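Notes for the one structure printed next.
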């Protein structure tokens, strides 16, 4: 094979060195220019807001500089990192588990809300309100060790598919938000999830899907109990609520788990309002972003009147306070990862 | 000034280069040999146990290898990272706060357990048992914002001195354990505190003193509440217990906050037993260590009968299971940092 020869004019050692240095410089400059950290975002205000904020808090000579240890970013999950229609995916998991467990529970076919679920009548099951939902959740999320529960969720998340898109649920995460998580981490942010979803449910896939390790996942929880058995200790999941990580609960849980006030918060619904307010009200540079679901064609379009992910008060407050509002239809080149 | 000249024999460029390379090699080798990661530990079994474990889990070709993301180490605080005699330091903080707050509470001089504290009769105050302690804790730890509480703890930890040693409490941390924390982190362990002490109390100084950031501090907690005030949102500390991070509570809290099972656990009392059992019972290489207080001269000597940091069942279990038992008198060259 022929080796590529330098140009005739760069024959002397000094000229060769100059050639090499110029080549390196050229490579660096072209890489920097083509290295868009958010390639799935259109060049609109939302993307500019994000990049301006990150550059401000990471530039040591900027008045808004934030030390790396303080760079805490919190993300809601349902509707912010992955879809939540026609129902929160964990609710679908719950119904799927009722179906799977039914053979061991013959009594369920005459007992609401289980009977409705088994007939495929989700609206009937939901008509029992919060108490019915709680009953379904406890029957499917408690009464096993933490490892048994994680195994059940892992089975589901790697096989169950969304009824409308046919995708695995873990493939219905937002590509632009995955890029945003990576971009923040590349700038020494510690990224946390702070979601109304179940903490042990999300921990099963958050590291693989979002790059967020279990110890950076905050969510709703049921009580658990340590028990010493003949073959060793276990932690058991109990049918009793521990904490609802929603609305006023979000800043409370963020303080409890993290103990620092975030510098950036990302949400999509009224359930995220207090987390955003808590983040925005601190001194120094802060960033609040709302994902507004505006794309009925590629995802769903919903806000003030939606039965899941209702965005009403938080949309008003975002507009009044100048928080960044992502318009999915306009701001995102792609919604889901390209398979 | 004369510059140091290279030896005459290293006059040619090639020889000079060789000289520089040899000098670098020499520096690397001597640094490696003198670079004892645990210089305050005597060369006894305890130190060997620690180093053997760390080398096992960090060597990729070892059957005990543990991936960096799974390298979770949990440390008790009182009696494991800092002293706890004659009383848990947070109890002393509580009494100091009662004294400081007394002018605003004239009713306390006739009201137990406050009256005993104000008379300096700690045994009298403690004679009311857990209920009295809880009452003192709530009066001093609740009823303010999280920032106000942190400021009060910060004032105390930077000024209050231990009655016997005259040291600041934060100077009564164990130098060998600080080295151990650093050594584990240098080997890509994530170090957590899992203590019966108050989570927001410890977070005030854990980063400065132990290098453990707030989001890696787990402890007991009271309930808190988000409140929107005219001048912005606050989180208020409420006079109601949330969680006691002791005994069976430790593995429960570790699972709740971290969501991974630790590979190494460090404690000193029966309050740490379940955390150690939970850690030890997992598959793969695991490390459990108990600090045994045996040095009445340099610190305190106590175990099975102590009113704080009682070490009875956990000492038996450590002996039966072959966990590492640190004998402070024999194993530690120094106890506290050298000022």
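Protein chains in written order, with the numbering used here: chain A, 32 to 370; chain B, 32 to 370.
Think of the CB as a built atom: it goes at the ideal place given N, C-alpha and C, for glycine as much as any other residue.
No experiment lies behind these values; they were computed from the predicted model shown.
Subject >> Reduced DSSP secondary structure (H/G/I, E/B, other) of residue 172 of chain A >> reply: One-based indexing of the first chain puts residue 172 of chain A at position 141. Annotated three-state conformation of residue 172 of chain A is helix, per DSSP.
Original post:
Among residues of its own chain, excluding the 5 on either side of residue 271 of chain B, which ones have a beta-carbon nearer than 7 Å to its beta-carbon?
Top reply: Walking along the second chain from the start, residue 271 of chain B turns up at place 240. For residue 271 of chain B, where only same-chain residues beyond five positions count, the Cβ hits under 7 Å are 253 and 254.
Subject >> Beta-carbon proximity of residue 422 of chain A to residue 344 of chain A, cut-off 7 Å >> reply: Lying before the first or after the last residue shown, residue 422 of chain A is absent from chain A, which here runs from 32 to 370.
Original post:
From the beta carbon of residue 245 of chain B, is the nearest beta carbon of chain A less than 7 Å away?
Top reply: Counted from its first residue, the second chain places residue 245 of chain B at position 214. Against chain A, the CB of residue 245 of chain B has a partner CB under 7 Å away; the residue lies at that interface.
**OP:** Measure the C-alpha to C-alpha separation of residue 127 of chain B and residue 258 of chain A and round it to an integer number of angstroms.
**Re:** As a position in the second chain, residue 127 of chain B is number 96, starting the count at 1. As a position in the first chain, residue 258 of chain A is number 227, starting the count at 1. Cα-Cα distance, rounded: 38 Å.
Subject >> In DSSP terms, what residue 264 of chain B is bridged to >> reply: Within the second chain, numbered from 1, the residue matching residue 264 of chain B stands at position 233. In DSSP, residue 264 of chain B forms a bridge with B:259.
Original post:
Under a three-way DSSP split, which group does residue 224 of chain A fall into?
Top reply: Taking the first residue of the first chain as 1, we reach residue 224 of chain A at position 193. If DSSP states are grouped into helix, strand and coil, residue 224 of chain A belongs with the strands.
Subject >> Where the beta strand (DSSP E) through residue 358 of chain B begins and ends >> reply: Here residue 358 of chain B is taken as the residue at index 327 of the second chain, counted from 1. Residues 355–358.
Original post:
In chain order, what residues of the same chain lie with their CB nearer than 6 Å to the CB of residue 80 of chain B, ignoring the 5 residues before and after it?
Top reply: Taking the second chain and counting its residues from 1, one reaches residue 80 of chain B at position 49. Contacts found: 355.
**OP:** Put residue 189 of chain B into one of helix, strand or coil per three-state DSSP.
**Re:** Here residue 189 of chain B is taken as the residue at index 158 of the second chain, counted from 1. Assigned with DSSP and collapsed to three states, residue 189 of chain B falls in coil, not helix or strand.
Subject >> Proximal residues to residue 101 of chain B (C-beta, below 8 Å), its chain only, five neighbours per side dropped >> reply: Here the question's residue 101 of chain B lines up with position 70 in the second chain. Non-local C-beta neighbours of residue 101 of chain B in its own chain, meaning closer than 8 Å and more than five positions away in sequence, comprise 291 and 294, ordered along the chain.
Subject >> Alpha-carbon spacing of residue 238 of chain A relative to residue 266 of chain A, whole angstroms >> reply: Counting from one through the first chain, the residue named residue 238 of chain A turns up at place 207. Counting from one through the first chain, the residue named residue 266 of chain A turns up at place 235. Rounded to the nearest angstrom, the gap between the Cα atoms of residue 238 of chain A and residue 266 of chain A is 22 Å.
**OP:** Return helix, strand or coil for residue 315 of chain B, following the three-state DSSP convention.
**Re:** Locating residue 315 of chain B in the second chain gives position 284, where the first residue counts as 1. Per DSSP, reduced to three states, the secondary structure at residue 315 of chain B is coil, with no helix or strand assignment.
**OP:** Could you check the C-alpha separation between residue 382 of chain B and residue 357 of chain B for me, to the nearest Å?
**Re:** Since the first residue of chain B shown is 32 and the last is 370, residue 382 of chain B is not available in this structure.
Subject >> Under 7 Å by beta carbon: chain A residues contacting residue 234 of chain B >> reply: Residue numbering aside, residue 234 of chain B sits at position 203 when the second chain is read from its first letter. 290, listed in chain order.
**OP:** Would you kindly work out how many angstroms separate the C-alpha atoms of residue 161 of chain B and residue 148 of chain B, rounded to a whole number?
**Re:** If you number the second chain from 1, residue 161 of chain B lands on position 130. If you number the second chain from 1, residue 148 of chain B lands on position 117. Near 15 Å, if we compare the C-alpha coordinates of residue 148 of chain B and residue 161 of chain B.
Subject >> Integer-rounded CB distance, given that residue 269 of chain A should sit under 8 Å from residue 278 of chain A >> reply: For the purposes of this step, residue 278 of chain A is taken as residue 247 along the first chain, with counting starting at 1. For the purposes of this step, residue 269 of chain A is taken as residue 238 along the first chain, with counting starting at 1. Between residue 269 of chain A and residue 278 of chain A the Cβ distance is about 24 Å, and since that is not below 8 Å, they are no contact.
Original post:
Which of the residues in the segment 277–309 of chain A, read from start to end, lie with their CB under 7 Å from any CB of chain B?
Top reply: Along the segment 277–309 of chain A, going in chain order, the ones with a CB nearer than 7 Å to a CB of chain B are 279, 282, 283, 286, 287, 288, 289, 290, 291, 305, 308 and 309.
**OP:** Pull up the distance between the alpha-carbon of residue 224 of chain B and that of residue 274 of chain B, whole angstroms please.
**Re:** As a position in the second chain, residue 224 of chain B is number 193, starting the count at 1. As a position in the second chain, residue 274 of chain B is number 243, starting the count at 1. Near 15 Å, if we compare the C-alpha coordinates of residue 274 of chain B and residue 224 of chain B.
Original post:
By the criterion of Cβ-Cβ separation under 7 Å, what are the contact partners of residue 114 of chain B in chain A?
Top reply: Counting from one through the second chain, the residue named residue 114 of chain B turns up at place 83. Under the 7 Å cutoff, chain A gives no residues; its nearest Cβ is about 24 Å from residue 114 of chain B.
Original post:
At which residue ranges does the segment 265–302 of chain B contain complete alpha helix (DSSP H) runs of 4 or more residues, listed in the order of the chain?
Top reply: The qualifying runs are 280–288.
Subject >> Three-state secondary structure (DSSP) of residue 113 of chain A >> reply: By 1-based counting over the first chain, the position of residue 113 of chain A is 82. Three-state result, residue 113 of chain A: strand.
Subject >> Coarse secondary structure for residue 177 of chain A, derived from DSSP in three states >> reply: Position 146 of the first chain, counted from the start, is the residue given in the question as residue 177 of chain A. Helix, per DSSP.
**OP:** Please report how far the alpha carbon of residue 368 of chain A lies from the alpha carbon of residue 121 of chain A, in whole angstroms.
**Re:** Within the first chain, residue 368 of chain A is the residue found at index 337, counting from 1. Within the first chain, residue 121 of chain A is the residue found at index 90, counting from 1. One C-alpha to the other measures close to 21 Å.
**OP:** Have a look at residue 287 of chain B and residue 250 of chain A and give me their C-alpha separation to the nearest angstrom.
**Re:** On the second chain, residue 287 of chain B is found 256 positions in, with the first residue counted as 1. On the first chain, residue 250 of chain A is found 219 positions in, with the first residue counted as 1. Approximately 10 Å between the Cα atoms of the pair.
**OP:** Starting from residue 255 of chain A, find everything on chain B with Cβ-Cβ shorter than 8 Å and list it in chain order.
**Re:** The sequence position of residue 255 of chain A within the first chain is 224, counting from 1. Simply 283, 286 and 287.
Subject >> chain A within 7 Å of residue 41 of chain B, Cβ atoms only >> reply: One-based indexing of the second chain puts residue 41 of chain B at position 10. Note that residue 41 of chain B has pLDDT 46, beneath the 50 cutoff, so the model's placement of it is unreliable and the number below is only indicative. Interface flag for residue 41 of chain B against chain A is unset, since no Cβ pair is found closer than 7 Å.
Subject >> Helix, strand or coil at residue 77 of chain A [DSSP, three-state] >> reply: In the first chain, residue 77 of chain A corresponds to position 46, counting from 1. It is helical.
Original post:
In the DSSP assignment, what residue or residues form a beta bridge with residue 241 of chain B?
Top reply: Taking the second chain and counting its residues from 1, one reaches residue 241 of chain B at position 210. Answer is none; residue 241 of chain B lacks a bridge partner.
Original post:
In whole angstroms, what is the alpha-carbon distance linking residue 302 of chain B and residue 109 of chain B?
Top reply: The residue labelled residue 302 of chain B in the question sits at position 271 within the second chain. The residue labelled residue 109 of chain B in the question sits at position 78 within the second chain. A direct Cα-Cα distance of roughly 10 Å separates residue 302 of chain B from residue 109 of chain B.
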